[in-house]
Ligand code: NI
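Residue numbers (our numbering): 1 to 161.
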């Protein structure tokens with residue numbers, strides 16, 4: 001099976017030119033009243049990248065899988081993504097995620113596939129869990145990629161087929 005690092009690189013390579021083709025005007029338009037505009041969706045993915053990269057590092061030296069959640073709406077609002085430059089956001093998103101893909105490749109199998117019997121409540125998940133429903137760091141990294149694709153589809157279904 002393709003590793004999460006390769007899956008992430010493929011997702012970036014596919015979506016990046018499509019995101020770049022979106023105009024600044026369209027990137028500032030919410031999908032519906034009260035919903036995030038594309039700038040805020042990419043901002044949320046930057047927050048996910050920021051929080052999850054730290055998790056991917058820390059969880060390599062733990063047996064369990066506990067980590068702090070973050071207040072998604074608050075993070076998006078506090079960083080004023082709706083007023084940020086669209087091209088800069090897309091560039092930062094692509095570069096940061098290429099870095100994360102490289103870090104994913106570096107995780108050794110012992111840390112990657114260690115069963116995390118003790119873990120935080122899983123809440124909404126995007127990738128299917130390993131056998132017996134016990135999460136692993138490999139699963140968490142796959143879940144990260146699927147969450148990214150889920151939000152890219154909110155911008156345009158063509159961004160993550
Ligand atoms: Ni999300």
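Using N, Cα and C, we set each Cβ at its ideal position, and we do this for glycine too.
If you drop the 5 nearest sequence neighbours on each side, which residues of the same chain put their C-beta closer than 8 Å to that of residue i?
i: residue 72; result: 44, 47
i: residue 95; result: none
i: residue 70; result: 47, 51
Given a threshold of 16 other Cβ atoms within 10 Å of its Cβ, counted over all protein chains shown, does residue i qualify as buried or as exposed?
i: residue 161; result: exposed
i: residue 65; result: buried
i: residue 122; result: exposed
i: residue 50; result: exposed
i: residue 1; result: exposed
i: residue 117; result: exposed
i: residue 152; result: buried
i: residue 15; result: buried
i: residue 120; result: exposed
Who does residue i pair with in a DSSP beta bridge?
i: residue 119; result: 65
Whose C-beta lies closer than 7 Å to the C-beta of residue i among residues of the same chain, with five residues either side of it excluded?
i: residue 93; result: 42, 45, 46
i: residue 97; result: 8, 12, 49
i: residue 154; result: 31, 41
i: residue 29; result: 37
i: residue 149; result: 11, 160
i: residue 129; result: 135, 139
Out of the options, point me to the one whose CA is closest to residue i's CA.
i: residue 100; options: 150, 35, 57; result: 57
i: residue 27; options: 88, 13, 63; result: 88
i: residue 141; options: 21, 59, 40, 32; result: 59
i: residue 135; options: 152, 157, 114; result: 114
i: residue 139; options: 120, 110, 127; result: 127
i: residue 162; options: 55, 158, 24; result: It is not possible to answer for residue 162, since the shown part of the chain is limited to 1 through 161.
i: residue 125; options: 63, 147, 82, 77; result: 147
i: residue 79; options: 16, 22, 111, 39; result: 39
i: residue 110; options: 86, 62, 132; result: 62
i: residue 108; options: 157, 156, 137; result: 137
i: residue 25; options: 83, 157, 129; result: 83
Leaving aside the five residues before and after residue i along the sequence, list all residues of the same chain whose C-beta is less than 6 Å from its C-beta, in chain order.
i: residue 19; result: 90
i: residue 34; result: none
i: residue 52; result: 144
i: residue 5; result: 101, 104, 105
i: residue 81; result: 39, 40, 43
Residues passing the C-beta test against the ligand NI heavy atoms, cut-off 6 Å:
Counting only residues whose CB is nearer than 6 Å to a non-hydrogen atom of the ligand NI, the list in chain order is 44, 147, 151.
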